[in-house]
Structure formats: structure tokens, C-alpha cells
Amino acid sequence: MTPRQVRSVLTVLELGSVNRAAEALYLAPSSVSAQIRELSTELGVNLFEPAGRGIVASSALRQLQTSLQNFLNSAEQITQLAHSIAHEPSGCLKLFAPSSMCIYRLPSLIEALQLHAPRVEVMLTHEPFAYRQALQSGEIDAAIIVSQVRPEASHYHPLYAEDVVFVCHPERWQAQMLSLMALNEHPLITTEEGCTYRVAAEAHFRALGLNLKPRQSFTNVEVIRRCLLANMGIGLLPNCVVADDVLQGRLKIQAVEGTPYLFHSALIYPSSRSLLPKLTAFIQVIEQQTIEIRCALNAQD
42 MTPRQVRSVL TVLELGSVNR AAEALYLAPS SVSAQIRELS TELGVNLFEP
92 AGRGIVASSA LRQLQTSLQN FLNSAEQITQ LAHSIAHEPS GCLKLFAPSS
142 MCIYRLPSLI EALQLHAPRV EVMLTHEPFA YRQALQSGEI DAAIIVSQVR
192 PEASHYHPLY AEDVVFVCHP ERWQAQMLSL MALNEHPLIT TEEGCTYRVA
242 AEAHFRALGL NLKPRQSFTN VEVIRRCLLA NMGIGLLPNC VVADDVLQGR
292 LKIQAVEGTP YLFHSALIYP SSRSLLPKLT AFIQVIEQQT IEIRCALNAQ
342 D
């Protein structure tokens, strides 16, 4: 069994035809078909079945799909590790991060990584995305999370304290601290259901016998920020998203009882996974920036 055979089988499975897979892999359709036959013979099962003029995945392939993907991921990791032993870190570093981190935290880290390991390419995926499953399957190398708890069975590299606050246009801002009941009288704009920021706010409301009832909800924090700049309501956002707007007076943080909600961002990856050089290079960048932030804070004190 070779990675080339497995890649051909999985590509046909993904794209639904030999011809489309051959085009994606820059191979002749006859080569893809031959690799499918070879792997079927070696495994002793039919991987595809005829369906009209095409083919469909067999029951056996459906059951083997995850194992075949893991095999291919392992082969790619071995290739990258071997290359990095002889050369500087390289390859595609596949990361998940919430939109707030993609926009407001990661650019400086990626810029530093380009200087530290210029042969490493970063590919970012943001929500909605099942990153936990993708981490376990090897579809991504690591994830940037924003959470109030440290996940189990994961290596954990802290990034920043991420206060989550209620914020609004200066014309809507009130000098006094708002109760949750008073806050609920305003049009609220939050992230989508299931987002950790919103889950924390919903728990806060429930603890006081209230329900969080957002007027609008969006998966992208930048959309929420734009709504707040247009004075459409009071929004729930990480402080990093609105820090520049608050500094320039375009937005103001609204004091609300029991807030801010305290979160931390961190890089995580499964504790069972080998640490590839491309990820090691990124962790080194994170650790260096952490040191620089601490030095800056100490200098201010």
C-alpha cells in the first residue's frame, strides 16, 4: 500500500469520479484506475462499485475511509519530518482559529513566522468548523482556541488574556453600570449560538433568571463591529476586536454587571501527536512574542 494509491482512492471518493480525480492529481485517468485496482487487490475488498456510468464508494471503503486518511496524514508527516531534518522547517501548517483571532491576533504571529521559517506556509480555517474532529483526524495540525477552561489531552501554549466585553457606539453608551435586565432592553448583537463568548453570556443571564435574547447574531466578529459602528445596538466582543476603536473614540465599552468575561487564547494540538518542525517553528514564535509582551508590561510597571 502506497500513499499515492491511497491519495487516488480518497480523491475519487471526494470528487465522485475518476476523471475529476485524475485532473486534480495531474494524472491520467488510467493511472488513477490502476491505483484503485492495485489497492483493492492488496486489501482484498472492492473499494468502489459501478453505478450507472460511474462508480460509488463501497461499504468497505466507507469503513476504511478514516484509517486510510490517517495513513495518508502519517505518510505526509514522515515526509515533512525527513525533509526538515536535512533542511529548515517547511510545508503547509494547517491551523484553525476563530475569526477574532484570524483578524486581530494571528497576522503578527504569521509575519514573525515568515521571518523565522520562511518555507512554512500557513493555511487558516475559521468557524464554522469542527476543529476538534479535524485535530484528531490530522486534517489540521493545530488550533487556536479562546476558552475559559484548558482542554484535556492536548498540548497547550497560552497566547493572550482575552477579555470579552459589551461595547457600543458613544451615542448609545451610558455612564452607569447596566444590570443584565437593563442591558436586555437594548438591541443586543452577539456571535452565533455555541460560540464560547455567547455561551458565557447565556450562562451569566441564566444565573440571574434571565434569557439572553440577541436581536442579531453573526459568525464573524468584524460584522458585529461594523454594526456597532453604525449604532445598531450593544455588542458582545473580545476586547482585542474593538481596542483601536475604543482608543480612537469610535466605540465605548459599556460597563455591565458581572463583566468582562475572562477568556484566554491558546494554541493546542493533541498530546498523542508528534511535534513536526513546522509546528515547532510556530510555537517558538509564540513563545518569543509572549516574552516580548511580558517585557513590555514590566517596562510599563
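For the sequence shown, the working numbering gives the first residue as 42, with consecutive numbering after it. For each residue, glycine too, the CB sits at the ideal point set by N, CA and C. These numbers come from a predicted model, not from an experiment.
Pairwise C-beta distances place the segment 209–216 out of contact with the segment 317–325, as fewer than three of them are shorter than 8 Å.
Taking all protein chains shown into account, Q46 has 16 or more neighbouring C-beta atoms within 10 Å of its C-beta and is therefore buried. Beta bridge pairing from DSSP links T232 with F259. Selection E298, G274, L270, T300 evaluated against Q289 yields L270 as nearest (Cα-Cα). Of the candidates H305, N87, P228, M42, the residue whose Cα lies closest to the Cα of I186 is H305. Here the alpha carbon of T260 sits roughly 10 Å from the alpha carbon of H167.
In the same chain as S178, and ignoring 5 residues on each side of it, the C-beta atoms closer than 8 Å to its own belong to T107, Q110, N111, N114, in chain order. With respect to L251, M222 sits close: the two C-beta atoms are nearer than 8 Å. Taking C-beta separations shorter than 6 Å and ignoring five residues to either side along the sequence, the partners of T232 in its chain run Y238, R239, following chain order. Sequence-distant partners of L56 (beyond 5 residues in either direction) whose C-beta falls short of 8 Å from its own C-beta, in its chain, are A62, A65. Put simply, the backbone Cα of G274 is about 57 Å away from that of A69.
Going by beta carbons, V206 and L278 fall inside the 8 Å limit. Separation of L308 and S141 (C-alpha to C-alpha, rounded to the nearest whole angstrom) is 14 Å.
The alpha-carbon of P130 is positioned some 53 Å away from that of Q217. In this structure, V50 keeps its C-beta atom at 8 Å or more from the C-beta atom of V59. Annotation: I151 is outside any beta strand (DSSP E); the continuous alpha helix (DSSP H) that includes it extends over 147–157. No Cβ-Cβ contact shorter than 8 Å links R267 with P228. For M164, the enclosing beta strand (DSSP E) begins and ends at 161–166.
Apart from the 5 residues on each side of it in sequence, Y172 sits with its Cβ closer than 7 Å to the Cβ of F137, I181, A184 in its chain, given in chain order. Under the DSSP assignment, L66 falls in the alpha helix (DSSP H) whose first and last residues are 59–66. Measuring C-alpha to C-alpha distances from P199 to each of V326, H245, Y67 identifies V326 as the nearest.
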